[in-house]
């Protein structure tokens with residue numbers, strides 16, 4: 013049975029992906045900041061059929077704790093064969109523009125800490141010659157836009173990092189999946205008015221599960237975002253710089 | 343504030359929205375009056391809160407525990423009936439009672455004390471609720487069951503979301519052998535034949551319901567198809583995965599002229615004659631049997647921008663069934679009924695719900711495309727008739743009933759209003775509580 017560690021497990025998307033694993037009897041380790049929320053999810057996933065669900069409370073942003081965190085993960089769920097990295101903050105674009113320290117914090121959370129965790133797990137999987145690394149980035153990282161380029165920068169950097177890592181590990185049997193969701197109806201976007209492009213966390217979570225099963229490289233969720241982003245990326249810069257999208 | 347509409351898309355309101363996600367840290371906003379909102383499948387204004395706030399419960403969708411021995415499932419109030427079916431069937435358990443759509447939340451099913459094709463033997467949804475936790479606006483969390491906080495338990499079942507926010511529910515599921523239903527479809531030519539079929543079927547069939555043609559008049563008046571079924575021992579696939587099912591969505595509002603008495607009359611005639619023999623037996627999957635309309639997402643858009651009114655009443659059964667015949671006659675004569683007309687006989691299983699709609703008698707349920715004042719006048723005529731016959735109308739499907747009629751259909755409303763949370767309200771509740779002369 014599959015053994016999966018979920019970082020940022022309390023995100024709605026991670027929860028829905030975890031449910032897909034749980035229904036098929038996987039063993040899960042949920043890592044996030046809030047212990048009470050983790051207990052709520054633990055009950056849900058156990059009820060749905062997970063063979064075993066464990067939780068670990070930890071603030072993932074702090075890079076210096078990552079080594080001991082991964083040691084703990086290895087002890088709780090020995091020989092785990094996949095990770096899903098699902099945490100991130102949408103941040104306040106306006107605040108990040110006024111005060112760079114806010115932007116810096118966004119970069120730490122959404123890029124640096126993610127790259128640190130992934131690097132360490134990648135080295136471990138590489139030595140073993142197997143494993144699966146699935147990371148949620150964003151369509152926002154495909155092109156910089158004035159409405160959210162701080163978030164977009166961090167997620168775009170993470171996508172490029174994963175691209176390089178996939179290239180490096182392609183002959184080792186380690187699978188690297190880049191997940192680019194579009195607009196998803198989750199607590200992270202609760203304050204935004206929902207349009208027809210919004211997908212449910214369930215649809216995106218199930219898409220992640222399928223992409224991991226099929227060992228995809230890059231997946232847009234839902235699928236139509238691949239085409240939306242193709243068009244957005246194709247707009248010439250002299251035109252794009254004057255647009256408000 | 344955002345525009346809000348119910349499944350019938352009438353009326354449209356402006357309301358604020360607040361999303362709930364974690365049962366351990368729910369805090370209720372204090373600025374406006376509140377109303378829990380599950381899947382928004384109520385048709386009229388009972389799931390709307392004009393100028394105030396709705397609490398979205400779709401994030402409260404976690405399972406808590408399941409006892410495979412007893413079939414009691416413990417889950418949050420935003421879990422949908424679809425989720426319960428997906429969860430229960432592979433383990434041999436089915437919903438004890440289900441309405442005509444699986445896209446409703448457990449909390450909504452309790453708030454409207456929904457019923458289904460097995461009302462004559464299983465009663466309402468509320469009959470199978472073991473307990474739930476209710477969050478009141480003063481912060482109190484009450485565990486309600488037939489043994490504990492019994493009045494609040496009774497007031498909340500059928501309480502239209504007005505007694506507080508249901509956080510979780512313990513529900514008794516029922517054991518089944520598999521997903522298939524042994525079905526008999528029988529054509530009938532008149533209401534008298536329907537009543538006859540209904541009384542002879544209730545004993546042997548767990549599920550009974552009829553489609554009835556509300557457009558045909560003259561010699562075809564009251565024709566329809568009676569469907570009766572039981573859970574089958576035949577094995578079948580847990581899910582019906584047809585391509586149609588995945589792609590059938592009404593993507594935008596249909597133009598208003600699409601549904602008129604000619605197109606609807608033609609549909610009804612085809613539907614009536616779809617079976618050649620008077621009686622057809624078959625084994626069908628539960629999904630099309632219970633949820634034929636769920637196969638088409640957003641089917642409510644076929645009525646266009648203006649929306650539609652749903653009408654569901656129950657009238658007492660008497661020797662000649664004069665009451666139902668008169669109501670039905672009025673519907674047919676209006677010439678504006680749609681093709682989704684359903685008739686069923688309710689049984690006498692009592693619900694724990696104080697404000698439950700189902701009661702012994704015959705229920706009729708159909709849609710009227712909203713065509714301005716004429717449709718509203720028709721609804722008033724029907725409401726008056728139901729009132730005169732000592733029947734009742736169903737709040738979950740209502741946008742028009744007269745306040746004084748509501749109070750007569752539900753004479754226990756005064757007792758009920760003591761349990762209404764002072765910070766909870768709805769467009770429906772304010773409408774029917776309005777003073778009239």
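Chains as they are written, first to last, in our numbering: chain A, 13 to 257; chain B, 343 to 779. Virtual Cβ for every residue (Gly too), placed ideally from N, Cα, C. What you are looking at is a predicted structure, and each value in this text was computed from that prediction instead of being measured.
Neighbours of residue 205 of chain A across chain B, judged by C-beta separation under 8 Å: 344. The Cβ of residue 196 of chain A sits no closer than 9 Å to any Cβ of chain B. Looking only at B:775, B:672, B:674, the smallest Cα-Cα distance to residue 742 of chain B is reached by B:775. For residue 553 of chain B, the pairing in a beta bridge is given by DSSP as B:567, B:684. When the five nearest sequence neighbours on each side are left out, the beta carbons in the same chain lying within less than 6 Å of the beta carbon of residue 607 of chain B are those of 557, in order along the chain. Chain B has no Cβ within less than 9 Å of the Cβ of residue 101 of chain A.
In the DSSP annotation of this structure, the continuous segment of the alpha helix (DSSP H) that includes residue 541 of chain B starts and ends at 533-543. The distance from the Cβ of residue 162 of chain A to that of residue 97 of chain A is about 19 Å, inconsistent with a contact at the 8 Å cut-off.
At a cut-off of 9 Å between C-beta atoms, residue 641 of chain B does not count as an interface residue with respect to chain A.
Contact between residue 458 of chain B and residue 525 of chain B is ruled out by a C-beta separation of about 15 Å, above the 8 Å threshold. Not a single C-beta of chain A is nearer than 9 Å to the C-beta of residue 766 of chain B. Taking C-alpha positions only, residue 456 of chain B is separated from residue 171 of chain A by approximately 48 Å. Residue 482 of chain B carries a coil assignment under DSSP once its states are collapsed to helix, strand and coil. The CB of residue 408 of chain B comes closer than 8 Å to the CB of 59 in chain A, given here in chain order. The criterion of a C-beta distance shorter than 9 Å is satisfied by residue 733 of chain B and residue 657 of chain B. When C-alpha distances from residue 405 of chain B are compared across B:395, B:430, B:388, the shortest belongs to B:430. Closer than 9 Å at the C-beta level to chain B, one finds these residues of the stretch 36-54 of chain A: 46, 48, 49, 51, 52, 53. For residue 56 of chain A, the chain B residues whose Cβ falls inside 8 Å of its Cβ are 404, 405, 406, in order along the chain. A buried status is given to residue 565 of chain B, since no fewer than 16 other beta-carbon atoms sit within 10 Å of its beta-carbon. Straight-line measurement puts the Cα of residue 727 of chain B at about 50 Å from the Cα of residue 52 of chain A. Counting along the chain, residue 522 of chain B sits inside the beta strand (DSSP E) bounded by residues 522-530. Assignment of alpha helix (DSSP H) within the stretch 397-458 of chain B, counting only whole runs of 4 or more residues, yields 423-430, 448-453 in chain order.
Within a 10 Å sphere around the beta-carbon of residue 158 of chain A sit fewer than 16 other beta-carbons, which makes this residue exposed. Listed in chain order, the positions of the stretch 344-369 of chain B with a beta carbon within less than 8 Å of a beta carbon of chain A are 344, 361, 363, 364, 365, 366, 367. The beta carbon of residue 24 of chain A falls within 9 Å of a beta carbon belonging to chain B, placing the residue at that interface. The stretch 65-140 of chain A contains, as complete alpha helix (DSSP H) runs of 4+ residues, the segments 78-88, 105-110, 112-119, 125-140 (chain order). Taking a Cβ-Cβ cut-off of 7 Å, the neighbours of residue 202 of chain A in chain B comprise 361, given in sequence order.
Ranking A:27, A:228, A:40 by CA distance to the CA of residue 16 of chain A puts A:40 first. Residue 724 of chain B sits in a helix when the DSSP states are folded into three classes. For the stretch 384-404 of chain B, the set of positions with a beta-carbon nearer than 8 Å to some beta-carbon of chain A reads 401, 404 in chain order.
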